[in-house]
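Presented below is the structure to which this report refers.
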Amino acid sequence: MQRGDRCNITKDFREYIGREYTTNEGYKITILDYIGRHEILIKFNDNPDVTIWTTLQNIKNGQIKNPYKRSVYNIGYYGVGNYTARNNNIKTEEYIKWISMFVRCYDDKYHERQPSYIGCTVAEPFQNFQIFAEWYNHNIYECNYPLELDKDFLYEGNKIYSPATCCFLPKEINTAINYKRHDVEYMQKLYLKYKMELPYRLRMELYYVSHPKEIKKAS
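If you use this note's numbering, the sequence shown closes out at 219, no skipped numbers anywhere.
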């Protein structure tokens, strides 16, 4: 893989290619390509498909983070992609939602306050922040109410956060699904209030929940 203008690479630069180093996290890395002190391609030896560009200073100081290290509750990892955890030192909305998902599933103190989340898990795709962030941007929608990540609206009783089971819902609907899902009168009021706010699929799902007798007759 090439990057930039290689015409001025000296012999000393080429000698770096193939050298191994150890990061502060304990990972072995190898230099694959050297454009200049600020453009060096490395691989992680235990996962050679993982390559990143970095600087010579970071390599020598060991300040290279493995994007596939499971650093979030020993499960979640950052991954390689276009999405970032922060913009101008402010956490992105994707990252906030991603971290919160792990807290709900794996944080013991959170479970003391919210025991209904005990036993919840994050599926493999969502363990990768890059995949979650991409899913987030494909599924978030404009709404006049704050949206929350939900795991059991589409599948009642579901305890797995995954691309197939999750969606975004206004907070009032998300709360009602957990406590008043079978209160038909209440759910019908929510349907009338929010039907124009929801994308078609979620609007129809809310209709099914709020009009069970009509759905039963139709079937």
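Backbone N, C-alpha and C define an ideal beta-carbon position, used for all residues, glycine too.
With a threshold of 6 Å on Cβ separation, who are the neighbours of V209 within its own chain once the five nearest residues in sequence on each side are excluded? M187
Quick one: grab the DSSP three-state call for L41. strand
Do you know offhand how far E148's Cα is from N47's? 35 Å
Within 10 angstroms of its Cβ, does L202 collect 16 or more other Cβ (buried), or is it exposed? buried
Neighbourhood of L154 by C-beta distance below 7 Å, restricted to the same chain and skipping five residues each side: T165, C167 and E205
Assigned secondary structure, E197 (DSSP; H/G/I helix, E/B strand, else coil): coil
Nearest to L56 by CA position, among N66, R19, D49 and I75, is which residue? R19
Pull the bridge partners of Y21 from the DSSP assignment, please. I29
With a CB to CB cut of under 7 Å and the five nearest residues on each side skipped, what residues in its chain are close to A123? I160, Y161 and S162
Is S210 close to chain B, meaning its C-beta is less than 7 Å from at least one C-beta of that chain? Looking for chain B here will not work: only one protein chain is present.
Which value, in whole angstroms, describes the spacing of the CA atoms of D108 and G119? 11 Å
In chain order, what residues of the same chain have a beta carbon less than 6 Å from the beta carbon of R37, not counting five sequence neighbours either side? L56
Cβ shell of F132 (< 6 Å), same chain only, five flanking positions each side left out: W98 and F126
Cβ-based burial, G157 [other Cβ within 10 Å; buried from 16]: exposed
Three-way DSSP call (helix, strand, coil) for I52 in this model: strand
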